[in-house]
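Novice: Here the sequence shown stands for residues 17 to 170, where the numbers follow our numbering.
For glycine and all other residues, C-beta sits at the position ideal for the given N, C-alpha and C.
This one's a predicted model, so the numbers in the text were calculated from it and none came from an experiment.
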Amino acid sequence: MDKSRQGKQESGVIVHSKKNWLSEVMITITTLVVWIYCMIVIAFFITSLINYNNRYINIVKSYFKMTNHDIRFFILFVILLWIVFYFGLLGWKFYNLKRFGSLRRRSYPKFTTKEDLLNLKLMSEEDYNKLQDSKIIIFENNPIQELVNHNKNK
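This is the structure in structure tokens:
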């Protein structure tokens, strides 16, 4: 028996696609704008934390009418809010563990047997055996009976 091996070795890029150059330029410009925005926001917070006054960042601060103290207070508020939520969720976890336990008492249901399926009386045993034995099967009508008609027959 032959062993499987790699196919023909290709050099270069394997995936070739036809992309519109205009959309690629727009994607690149958008990506650059988002990266520049992120850098400005990071610089905005870092300069206020270390009390460094940069000419360009001060323009942004004056536009929003903020001082370094206001930004530090905002960062402190966000950190305190994060700590409150963290300990709140941690307390909720311990409460649920104490109230409900570790939930290791759950067990998976047993596998459905042939008798279980046939006891539903939604399909004949002959159709069930056809479905189990054949790889390809074609039915003229749906072998599964509808629940609405099934309940009326009882």
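Hey, how far is the Cα of K137 from the Cα of F155?
Specialist: Position 121 of the sequence shown holds residue 137. Position 139 of the sequence shown holds residue 155. Cα to Cα, K137 sits roughly 18 Å from F155.
Novice: Under the rule that 16 or more other beta-carbon atoms within 10 Å means buried, what is K77, buried or exposed?
Specialist: To locate residue 77, count along the sequence shown from 1; it is residue 61. Buried, because 16 or more other Cβ atoms sit within 10 Å of the Cβ of K77.
Novice: What are the boundary residues of the alpha helix (DSSP H) that I154 is part of?
Specialist: As a first step, residue 154 is located in the sequence shown; it is residue number 138 there, counting from the start. Unbroken run through I154: none, as it is neither H nor E.
Novice: Tell me whether the beta-carbon of K126 lies closer than 9 Å to the beta-carbon of Y144.
Specialist: Position 110 of the sequence shown, counted from the first residue, corresponds to residue 126. Position 128 of the sequence shown, counted from the first residue, corresponds to residue 144. No; because the gap between Cβ atoms is not below 9 Å, this pair is not in contact.
Novice: If we ignore side chains and look at the alpha-carbon of each, how far apart do I87 and Y79 end up?
Specialist: Residue 87 sits at position 71 when you count from the first residue of the sequence shown. Residue 79 sits at position 63 when you count from the first residue of the sequence shown. Taking the straight line joining both Cα atoms gives about 14 Å.
Novice: Near K114, what residues of its chain come up, given a Cβ to Cβ distance below 8 Å and the 5 sequence neighbours on each side ignored?
Specialist: Stepping through the sequence shown from its first residue, residue 114 is reached at position 98. Counting only Cβ-Cβ distances below 8 Å, and skipping sequence neighbours, we find nothing.
Novice: Kindly indicate which residue of H85, L65, V57 has the alpha-carbon position closest to the one of Y72.
Specialist: Locating residue 72 in the sequence shown gives position 56, where the first residue counts as 1. Closest by alpha carbon: V57.
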